[in-house]
Every structure is written in structure tokens, then in C-alpha cells.
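What follows is a set of notes on a single structure, which appears directly below.
In the UniProt record's numbering, the protein residues as written are 1 to 291.
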């Protein structure tokens, strides 16, 4: 079992990449994507060509809107998509641990529930102990303890789980496959903190610690149901316009991480995504940072 520790995302394969800013594109061509329209009543519509299909597939979407209520405002969408069953699950632990929120995408509801309960206790205990000693949290210890127990509980070494812990000063990502985490910063810079294809065997564990900066804008945390069909460029443009009031084509300017997550999910469905679609959008600008 391999554990890599990278601070600020600069070790291993994580590199900041500047994504295109002129506008949204389809298949690499320089033509605009039809942005789902945000109606005056706050509902999210779709382009005429995909309206019926997207509405049907999004009928059972689970949405969790916690804008402006947590350390980092976030929106969550979890939808079956074109699959016959929901094989992945999303978990959030917010407003329970001082200065930290926990977000996860897991391979199954049983694993999600285990990780949620286990991480809630591990992180809470670690933060409390470190605060009393005046030292930094040992995230490597947290990851090893949680993942080792998860493997024993699930009865397989192929358990997939990715957890993002957002603190006031750092973003911690615990990677064991099944999802991808990208941090976007000012000017369209994309920093992948976890890659889906690096963990296909379900064995490798990687810990990434990113020290937050004022230029950090938001995080998009999603499974391959999104990333298979939506590029970093399109993701950056759509979320930026939702959060910062720059949605084109007559859409009203309401900042909302949930609207961003919904639009990303609808775009993935419209482009023919074959997988479950789990999307978490985390607005880092809604919480403070010291550097």
C-alpha cells in the first residue's frame, strides 16, 4: 500500500493548469455550449434539444444547498443518470467540527455511512487534540486509521473513497479512487488534487494537502459521471458564472453553489454520461483564509 503526501498540490502528478477563458466549447471546437437557463423563480431549465430527457433523468435528483451556512458554502447533486441503480453515494459533515467541513464520494451507501461516522469522530478528535497541544493536525494518521478500518469493514481492498476536508487554512484530500477533485483559482487555473484513473486498482492511497491562498476560488468534486463528458474548461466557466453572476443568455445573476452543481449534472446528462453523477461544488470565497 502506497501513501504519498504532497503539500500545496505540487508533488506527484498534480499540476496547476490554466484553462481556457474565452468561453465554453464542445468537443474542443470553438463553439458555445448552451448553458441551462436559470429562470426567474430559481428553477434550472435546459436547452430545447435536451429538455425532456434531462428533466426525466433529473427527476429523482438529491440536492443539498448549504450556501452561506457553513465554513465553506457548498451545493451537492447526486443523480442516478442512465444507470439502473445508484452505486455511488455522497456524504457531508458540516457545521459540526470547528473550522472544518468534510465532503465525500464513496463506492456504495454502506461505505459512505461508515466513512461519515468514522471521519466525524477521527477529525473531531484530531482537531481537539492538536488545538490543545498547539500543533498541526496529523492528516496522514487520520487517513491510515480511517481507510484501514474501511477495508476491514467492507471486506475488500478495492473499496473506493475520496474525501475532501476543507479547513480555514488548508484543503486536505484523502484519495482511494472513484472520484476526482479539482481546485480552481483566479484566472482559470485548475489544480487537480485527486485523479480517478490513478486509483483504478482501489489499492493506492494518496494524501494531498493544499495550503489555501486568497486566489483560490472554488472546488469541484465529482465522480466520472461528470468528468467523462465535461472538461475542466467548461466546468470552470459554468461554475464561475453561477457563483460570480456572469451567466450568459439572459440568466439572472444569483450566486449559488447548488445551481452550479445542478447545471453541471444537467450538462453531463445532456452530453450522454453513462454513469451515476455526483457533484459537489465548494465555494472557497465564502470562508476566510490567512494567506
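Virtual Cβ for every residue (Gly too), placed ideally from N, Cα, C. Values in this document were obtained by computation on a predicted structure and should not be read as measured data.
Supposed contact pair residue j and residue i - C-beta distance, whole angstroms, cut 8 Å
i	j	result
residue 160	residue 107	4 Å
residue 354	residue 77	Coverage of the chain is limited to positions 1 through 291, which leaves residue 354 absent and any answer about it impossible.
residue 278	residue 190	Wrong, their Cβ atoms sit about 19 Å apart, outside the cutoff.
residue 280	residue 166	With a Cβ gap of about 10 Å, residue 280 and residue 166 do not count as contacting.
residue 225	residue 268	6 Å
residue 116	residue 93	6 Å
residue 87	residue 105	Going by Cβ atoms, the distance from residue 87 to residue 105 rounds to 11 Å, so no, they are not a contact pair.
residue 184	residue 217	5 Å
residue 174	residue 207	6 Å
residue 219	residue 171	7 Å
Between the CA atoms of residue j and residue i - distance to the nearest angstrom
i	j	result
residue 119	residue 138	13 Å
residue 164	residue 181	8 Å
residue 286	residue 82	34 Å
residue 240	residue 73	14 Å
residue 95	residue 101	7 Å
residue 113	residue 147	13 Å
residue 111	residue 275	19 Å
residue 130	residue 136	6 Å
residue 142	residue 215	28 Å
residue 273	residue 144	33 Å
residue 90	residue 132	32 Å
residue 134	residue 85	46 Å
residue 256	residue 235	15 Å
residue 179	residue 231	15 Å
residue 187	residue 128	36 Å
residue 266	residue 213	31 Å
When the options are compared against residue i, the one with the closest alpha-carbon
i	options	result
residue 243	258, 230, 187	258
residue 263	237, 142, 209	237
residue 140	109, 230, 205, 212	205
residue 176	98, 124, 194, 188	194
residue 211	97, 75, 284	284
residue 99	75, 192, 169	169
Bridge partner(s) assigned by DSSP for residue i
i	result
residue 101	166
residue 221	181, 280
residue 194	181
residue 216	185
residue 114	In the DSSP output, where bridge partners are listed per residue, residue 114 has none listed.
residue 231	Answer is none; residue 231 lacks a bridge partner.
residue 91	104
residue 161	106
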